[in-house]
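The listed protein sequences correspond, in order, to chains A and B.
Under the UniProt record's numbering, the first sequence has 127 at position 127, and the numbering climbs by one with no breaks.
Under the UniProt record's numbering, the second sequence has 299 at position 299, and the numbering climbs by one with no breaks.
Glycine included, each C-beta is placed from N, C-alpha and C at the ideal position.
In this text the structure is predicted, and so the values were computed from the model without any measurement.
There are 2 protein chains.
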Amino acid sequence: MSKPKVFEKPIGLKDYLPHAVTKLRQIENQVLACMASWGYEQIMTPTMEYYDTVGVASATSDQKLFKLLNNRGTTLVLRSDMTAPIARVVSSLLKESQFPVRLSYHSNVFRAIEEEAGREAEFFQTGVELVGDASAEADAEVVALAIASLKAAGVERFKIAIGHVGFLNGLFGETLAGRSEEQEELKGCLLGRDYVGYREKLRTLSLEAPVQRELEGILRLRGGQEICEQALQLSSDATAQSSIRHLCEMWDVLAAYGVCEHVLIDLTMIGDFQYYTGMTFEGYAADLGFPVASGGRYDNLLKQFGRPAPATGFAIKTTRILELIGDGAGDKPEQERILIGYDVSGRAAALTEAQRLRDSEAAVIVTEKMDAAAQLTALRSAAAAANAGAGESGKVLYKGVAFTKLLTFFTDNGEQDGAAK
Amino acid sequence: MSKPKVFEKPIGLKDYLPHAVTKLRQIENQVLACMASWGYEQIMTPTMEYYDTVGVASATSDQKLFKLLNNRGTTLVLRSDMTAPIARVVSSLLKESQFPVRLSYHSNVFRAIEEEAGREAEFFQTGVELVGDASAEADAEVVALAIASLKAAGVERFKIAIGHVGFLNGLFGETLAGRSEEQEELKGCLLGRDYVGYREKLRTLSLEAPVQRELEGILRLRGGQEICEQALQLSSDATAQSSIRHLCEMWDVLAAYGVCEHVLIDLTMIGDFQYYTGMTFEGYAADLGFPVASGGRYDNLLKQFGRPAPATGFAIKTTRILELIGDGAGDKPEQERILIGYDVSGRAAALTEAQRLRDSEAAVIVTEKMDAAAQLTALRSAAAAANAGAGESGKVLYKGVAFTKLLTFFTDNGEQDGAAK
């Protein structure tokens, strides 16, 4: 509990400098515009919510919630996702709106973290919720929109892996009836993608050979539409069967959207949110070890807020995409940056010209106190360098900042409008 | 400490529904674009900061800070402004950058509130900081940019009132030397704009008649450039005199910017942030009782973060402007909203057309499970109403949502591309 140094910020939290902000804002705007074009309307909710309502309903484990007390002594949390707050809004402010309701958001969310390297305590998500539609068509719409959103964000090579909570529940319920602890252990292995651990765990369970083969077999259930056919043979459990039929229907709709090249059915997949009740999915970018999008169906959450309704949605992990697309990818053409130097007599003309240029989309910086001899000299040499074609990629450097153009308004010395370049 | 109801959110916090978000985003984008055109680059900082660094340096009183503990037991605060976090960044991540540094932000900030009507615990600010320039020119630049930003936000009628911390400090130091308690009481009256209280307080101080007149006289020091001339006569204190000369210089620069019609010198003004050291200003919109922008010079804050530098800046109270500009003002032309209904056989054609329309900037909603007879009927009657020119302002209403156009792809019944309207 040592006192922090003045320049420090708390662990797991980041500053974003202008270059990163430009990129993050670009991803945000492009993804939100994509979601708007699919009819999803943006909402915003408070950073803080009641622990007893949204905090408890969220999928985040209790020890990962940031908690604080308000003036009345009631416990608040910093939101850990946007799904539970949106469920609250749909059940209160929007309770008169007819289903289906389509909402989008871009928001920071919070997770109290152990001090592990690289974990973030605050990060951005951009996502949608489609509330009031239980159909496979609705699930396919959010998957297709996730694909369109990742493309809008500038992610080029990625796969969406789709699974179904009901398949594993049905299969395990049938083969390991009454052995809920072992079921949870196996699910834990799958959630962590620890397939070696899963096989080892299976061997310790003394299962009959056909059951053992069946449960090992699901590790191979990854691929295209053919996986659905295979899975229908694997389990006769009613829940498992209807889950697979739901995924088959989704596949047909995704085929109509023309996006199956990005889709993979992966029946070992378990969403990491406890509120998922149906299909779940994750988006993986090429060469990246962690998902850049995740989503699923949560048909039981809304009733916790008093308006029972099926719902499905996803979130893109915007901050991770920022790391992924790196420098250069999808950059807008650079704005013209103009430096205007002036002395007192040239001031009015300089500031008028600055305003004219700003109105025409350029970024203009006017220099302070240009009557100081030293600065005048600096500016003149910068101008000379620019005229001579010197400077970094033809730019004018002034006080460490690169400009595309330099204009001067020095009238005290008989000069005027000495534009360089 | 009663348990909150499921639909409740904590006091002082707001949800923003789509219509409000559209407006808020529009103000945000237009103001940030304006700031960018003046060469200010956007940064983002974390929601949480250390209490001992940024928390203590911020101008917010201790009991108005939201505090929480991290896993190590260190006290964190939710940021109460962006000025102190930016001072931290300029002194750490940006410590190699040459002055002046121009930064902008759009951010939510937090204030723990008593449960007063209408007070907000979280609200948005859009602002700039100009660090490393002590000149009147720099102060005039931020005032001129505040004016340009308010215009960009859609505020049409407003005044910026400019004062100077040094004038009142100098005047009171000269006339009420050693009576710091009385000085603070008088400043408190001015801060609250309680001019009656100020006069009453003066009368209780048993001052000599000329001094009494002098201190009453400042209440009349509101107006244009002529106020500077009058104020120079009022006090011979060196601090007061140099403060007034600084305001005179600012006025000259603001005249060159051509914005004096929006500016008022008001020497009774005291900024409500304790870190202000020089000129301070507030922006008042017509017919509104509270400021929509505030700013000032804070030359002592940066040294608390280890990189002493003069600085000046302002913040627009974005959320208040949202209330101010109301409905309709500055709205973008409405996006075309198209509803596409289809049955299973028409699905592929419908979804392909939806994608084409989304690419051409329309918002398109495709209807779920259109083979249900009831929904088919609803859609057909909506189409019929649209064809007959009925419906709200020529729009198609479907499930409570208005669309500008309806397209159907029902091929099972031998119809295709039955576009209405």
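In the structure shown, what three-state DSSP assignment does residue i receive?
i, result
"residue 200/B", "helix"
"residue 407/B", "strand"
"residue 16/A", "strand"
"residue 9/B", "coil"
"residue 159/B", "strand"
"residue 402/B", "strand"
"residue 423/A", "Here chain A covers residues 1 to 421 and nothing more, so residue 423/A does not appear."
"residue 366/B", "strand"
"residue 3/A", "coil"
"residue 99/A", "coil"
"residue 259/B", "coil"
"residue 391/B", "Here residue 391/B scores only 41 on pLDDT, less than 50, and its place in the model is too uncertain to base an answer on."
"residue 240/A", "helix"
"residue 173/B", "helix"
"residue 49/A", "strand"
"residue 55/B", "helix"
"residue 414/B", "Its pLDDT being 45, under 50, residue 414/B is placed unreliably by the model, and the measurement read from it follows with that caveat. Residue state, collapsed to three classes: coil."
Measuring only between beta-carbons, confirm whether residue i sits less than 8 Å from chain A.
i, result
"residue 139/B", "no"
"residue 391/B", "Residue placement at residue 391/B is poorly supported in this model, since its pLDDT is 41, which falls under 50; the coordinates still yield a value, given next. Not closer than 8 Å to any Cβ of chain A, the Cβ of residue 391/B fails to qualify, so no."
"residue 315/B", "no"
"residue 129/B", "no"
"residue 365/B", "yes"
"residue 48/B", "yes"
"residue 155/B", "no"
"residue 291/B", "no"
"residue 353/B", "no"
Consider the Cβ of residue i: report whether some Cβ of chain B lies at a distance smaller than 8 Å.
i, result
"residue 18/A", "yes"
"residue 269/A", "no"
"residue 91/A", "yes"
"residue 38/A", "yes"
"residue 88/A", "yes"
"residue 310/A", "no"
"residue 300/A", "no"
"residue 257/A", "yes"
"residue 62/A", "no"
"residue 126/A", "no"
"residue 108/A", "yes"
Pick from the options: whose alpha carbon is nearest that of residue i?
i, options, result
"residue 243/A", "108/A, 279/A, 181/A and 84/A", "279/A"
"residue 160/B", "251/B, 299/B and 213/B", "251/B"
"residue 45/A", "73/A, 107/A and 56/A", "107/A"
"residue 17/A", "153/B, 12/B and 88/B", "88/B"
"residue 434/A", "356/B, 256/B and 364/B", "The question about residue 434/A has no answer, for chain A in this structure spans 1 to 421."
"residue 70/B", "310/A, 10/A, 181/A and 405/A", "10/A"
"residue 338/A", "53/A, 366/A and 253/A", "366/A"
"residue 163/B", "320/B, 191/B, 341/B and 25/B", "191/B"
"residue 47/B", "32/A, 86/A, 34/A and 109/A", "109/A"
"residue 261/A", "399/A, 28/A, 224/A and 74/A", "224/A"
"residue 148/A", "324/A, 320/A, 259/A and 28/A", "259/A"
"residue 316/B", "336/B, 346/B, 281/B and 50/B", "281/B"
"residue 266/A", "74/A, 174/A and 222/A", "222/A"
Label residue i either buried or exposed according to how many other C-beta atoms from any shown protein chain fall within 10 Å of its C-beta, with 16 as the threshold for buried.
i, result
"residue 62/B", "exposed"
"residue 233/B", "exposed"
"residue 77/A", "buried"
"residue 204/B", "exposed"
"residue 3/A", "exposed"
"residue 100/B", "buried"
"residue 79/A", "buried"
"residue 196/B", "exposed"
"residue 356/B", "exposed"
Please confirm whether residue i and residue j have their CB atoms less than 8 Å apart.
i, j, result
"residue 314/B", "residue 146/B", "yes"
"residue 216/B", "residue 199/B", "yes"
"residue 59/B", "residue 275/B", "yes"
"residue 322/B", "residue 134/B", "no"
"residue 285/B", "residue 409/B", "no"
"residue 238/B", "residue 171/B", "no"
"residue 407/A", "residue 325/A", "no"
"residue 277/A", "residue 299/A", "yes"
So with Cβ pairs under 8 Å, would you call residue i a contact of chain D?
i, result
"residue 172/B", "In the structure shown, chain D cannot be found, because the protein chains are A and B."
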